[in-house]
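Quick note, the sequence shown lines up with residues 1 to 736 if you use the working numbering.
Idealized CB from N, CA, C, for every residue including glycine.
As the structure is a computational prediction, the values presented were derived from the model and not from experiment.
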Amino acid sequence: MEIIFDISEEELPVFLAEVDEHLQVLDDILIRLEREEPDSELIQTVFRSAHTIKGMSGMIGHKRMTNLTHTLENILDGVRKNSIPISKQLFDLCLEAVDHLRLLRDEVVTSQTCDVNIDEMVTALKDFIENVKNENLQKAQENTISDALLEENVLARQKIETQIDAIIAGAGISDSQSSPHNVQDKIDALITSAPDLECRPLQIHARIDPSSISSAARAFQLMMALQDMGDIQSMEPSQAQIETSASVSVFTAVVNTSWSVEMVRSALARISDVDEASIDGVIVIANGSVVIEPPQQALPDQPEPPKVPEKVENTPALPVKTPTAAVPAVSSNDRRASTPFGRRSADMTIRANVERLDNLMNLVGELITDRNHLKKIHSRVARNNSNDDQIAETITHLGRITDQLQEEVMHIRMLPISSSFGKFPRMVRDMSQKIGKPIDVVIHGEETEMDRSMIEEINDPLIHLVRNSVDHGIESPEERRAAGKPERGTITLTARHEQGRIILTVEDDGGGIDGEKLRKSAVQKGLITAEEAAALTEDQSIDLMFMAGLSTAQKVTDISGRGVGLDIVSTNIQRVNGSIQVETQIGRGTQFKIVLPLTLAIVPALLVKVADATFAIPLVMITETLRLEQREIKYISQKPVTVLRQSVLSLINLSDIFHSQQGDDQGRNIFAVVVQSGKQRVGLIVDSLVGEEDVVVKPLGGFIGDIPGISSAAILSEGQVALIVDVFGLFKLAGI
């Protein structure tokens, strides 16, 4: 069934991006809360994310998403108020609700209703809340509070009010203990411990930043915030007017609430683009800054600060004095920096269409090609004309500007690897519960940035490696106890930059990989013969895991056992000119190390000549270059090899692989480029080394199709076409 949402094409990418961020926050923090001790700040953050999603979905008219998020928000509100205890059932329900929200988020893209029954999920959440209420009521009935205890609560309340008065009175003293944050923290702590009070109406007035691009959304957030505090008695503009998305500059309302003024002020301060706000005529936000204690100006004939008004029994807020000196306001930058994601406000960033970034990168690629061409022209001119200082200076400056432009465009395309790593704690939790293995996920270097296209390519390999670690790597709790290990296994994900490359590792503290077991499985499945298996080294045996169809699982599950997965890992990594290495130790664990180039668009490469053709070998694959003499080349089973640092290095002659015609004039010296894949190294024999150059990658296109040993092409500085070598394809062609 088709659904119509009140959202434009321009607003859709922003909506999806923000919802994805908040859903990721819900996933991450719920997992953390399940593993760690309860943390009020984390609980508050996850509540705010649910609250924000509710507001965003309400603005576009997504009623099912709003309804589900509102119910989820009620549970989280109960958790932060300590009326709902933390339990495994709580996290299971909340995480299931997050999964449903992702499906509802996709409805905005497809405009089609998903098949999942949202009403069942909402009912389950409401039933959970009702059950908790009944349990709390039963406990309350069993433990009736005595009159003496009630009297004690009243006395405690009066004591708290006296303490707040003392805090405010001392706020003007200039010492290290009276900063705005310390004062507010003390007041908030005392208010939280105060007994519940009766409701009273509060007059709210807010002025929204006129430059805000979504003033209606801010008004909607204000309305929802007030609804959470109590009953809205009147409001201008009305909800119907707000939902028309018309611009809103001033928002006023009267809310009947039991919340304290301080708590209401804190709720208003969390909403962006509110330039000014007042409660019962007292300014609490001024010029976008939160006023910890609103200053009151004394009249000329009243030099002393006003006295504290008498306490009224019906007031919901604990009375607060105005200090002699106004406490400094918190800047709006500080307030808006404290978002659930630790990001600065949206006015510091923009969202750009990915297509435009790709087009910009293509233009930079053309500029790099022209820069390289200019350098070649200059080198020829310099040989004939020694008086070319101005040309040289201009070309040098152009080269420097082009390099900077290339770097900036690449940075724009970069995303932190956390966008990929962030999904694994939730994924591992679900899988580990299914197979009965308690497993923790540890992430390092999630701020490491990668090209957007590279992250897309590496997502599937990472998923398969993590699934493999969960199912095959980590032992059962019984096996770990018998081996003297902690019951909980650990999978560690790490990302870092190293020498112009991206290094990703997936490591587990499991049982390690048994090469003998892999050899037997490969022979049983007919992937290799028994003779071939006997000739394999331990490292070559470990590499068998990347063969399609190989699996050591005793039975097929929905996690693994079908013999697919790690072959996809190898294929996808090879496709982006990366490599994977495996380090394993029986009983200690396994580490998969993935080495990737920084980007797929522009690749640093070594240009080589084979006959009249120019080839580009990605630098990320090269370990060194060699100059050999003919006598240093030996043959084993009719295949050329040489000895490099007391180990045998296989050689591949590119002229034989690509059927290039070799010249008759062969010198004594032979050039070899040593490339590495995992632990395997091979020397590529070429006629000559041209030099290093950043080449702009161009696909071969459907007309040419796939060429074994060639991944793509590049246009060089003078217009020639260089073919970019597919190192892994060469290994297969050479039978290595």
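Give the DSSP-derived three-state secondary structure of residue i in the structure shown.
i, result
"Lys679", "coil"
"Gly78", "helix"
"Ile704", "coil"
"Thr113", "coil"
"Gly422", "coil"
"Val13", "It is worth fixing the name first, because residue 13 is Pro in this sequence and not Val. Three-state DSSP puts Pro13 in a helix."
"Asn136", "helix"
"Lys639", "strand"
"His472", "helix"
"Asn607", "As written in the sequence, residue 607 is Leu, which differs from the Asn given in the question. Three-state DSSP puts Leu607 in a strand."
"Glu446", "coil"
"Val254", "strand"
"Gln720", "coil"
"Val441", "strand"
"Ser266", "helix"
"Val291", "coil"
"Val98", "helix"
"Pro486", "coil"
How many angstroms separate the CA atom of residue i from the CA atom of residue j?
i, j, result
"Ser735", "Val673", "The sequence shown places Gly at residue 735, not Ser. Computed Cα separation, rounded: 18 Å."
"Val248", "Gly489", "53 Å"
"Ile670", "Val690", "14 Å"
"Val442", "Glu21", "20 Å"
"Asp280", "Gln44", "26 Å"
"Arg426", "Arg270", "28 Å"
"Arg32", "Thr113", "32 Å"
"Ser289", "Ser266", "12 Å"
"Leu318", "Ser245", "Because Leu318 sits at a pLDDT of 36, beneath the cut-off of 50, its placement in the model cannot be relied upon, and the following sentence gives the value as read from the coordinates. For Leu318 and Ser245, the distance between alpha carbons rounds to 37 Å."
"Ile439", "Leu465", "15 Å"
"Ile513", "Glu37", "35 Å"
"Asn372", "Gly445", "35 Å"
"Leu635", "Val643", "Just to set this straight, residue 635 is Tyr in the shown sequence, not Leu. The alpha-carbon atoms of Tyr635 and Val643 are separated by roughly 11 Å."
"Ala605", "Ile368", "14 Å"
"Ala225", "Val264", "9 Å"
"Asp273", "Asp119", "35 Å"
"Arg102", "Leu42", "21 Å"
"Lys437", "Ser87", "19 Å"
"Arg207", "Leu16", "28 Å"
"Ser637", "Val364", "48 Å"
"Gln433", "Glu478", "15 Å"
"Ala240", "Ala219", "12 Å"
"Gly737", "Glu624", "Coverage of the chain is limited to positions 1 through 736, which leaves residue 737 absent and any answer about it impossible."
Would you grab the beta carbon distance between residue i and residue j for me? Rounded to a whole angstrom, and I think it's under 8 Å.
i, j, result
"Ile455", "Ile417", "7 Å"
"Ala713", "Val721", "6 Å"
"Ser650", "Lys639", "7 Å"
"Leu598", "Gly683", "Between Gly683 and Leu598 the Cβ distance is about 26 Å, and since that is not below 8 Å, they are no contact."
"Gly729", "Pro699", "At roughly 15 Å, the Cβ-Cβ gap does not stay under 8 Å, so Gly729 and Pro699 are not in contact."
"Ser660", "Ala611", "4 Å"
"Gly78", "Ile129", "7 Å"
"Lys375", "Ile395", "6 Å"
"Ser453", "Leu600", "5 Å"
"Glu457", "Val576", "5 Å"
"Ile602", "Asp694", "5 Å"
Which word fits residue i, buried or exposed, when buried means at least 16 other C-beta atoms lie within 10 angstroms of its C-beta?
i, result
"Arg480", "buried"
"His100", "buried"
"Asn117", "exposed"
"Glu9", "exposed"
"Asp687", "buried"
"Lys63", "exposed"
"Glu531", "exposed"
"His51", "buried"
"Lys645", "Rather than Lys, the amino acid found at residue 645 in this sequence is Arg. Arg645 comes out exposed."
"Asn653", "buried"
"Lys54", "buried"
"Ser234", "exposed"
"Gln406", "buried"
"Lys525", "exposed"
"Thr66", "buried"
Heavy atom of the ligand FAD less than 6 Å from the Cβ of residue i, yes or no?
i, result
"Met450", "This structure lacks the ligand FAD, and indeed carries no ligand of any kind."
Is it a yes or a no for the region 594-609 touching the region 488-503, going by three-plus beta-carbon pairs under 8 Å?
yes
Decide yes or no for the touch test of the region 539-547 against the region 569-589: beta carbon pairs closer than 8 Å, at least 3 of them.
yes
Do the region 503-512 and the region 466-485 make contact, defined as three or more Cβ pairs closer than 8 Å?
yes
When you compare the region 120-128 with the region 86-94, are there three or more beta-carbon pairs, one atom per stretch, that lie closer than 8 Å?
yes
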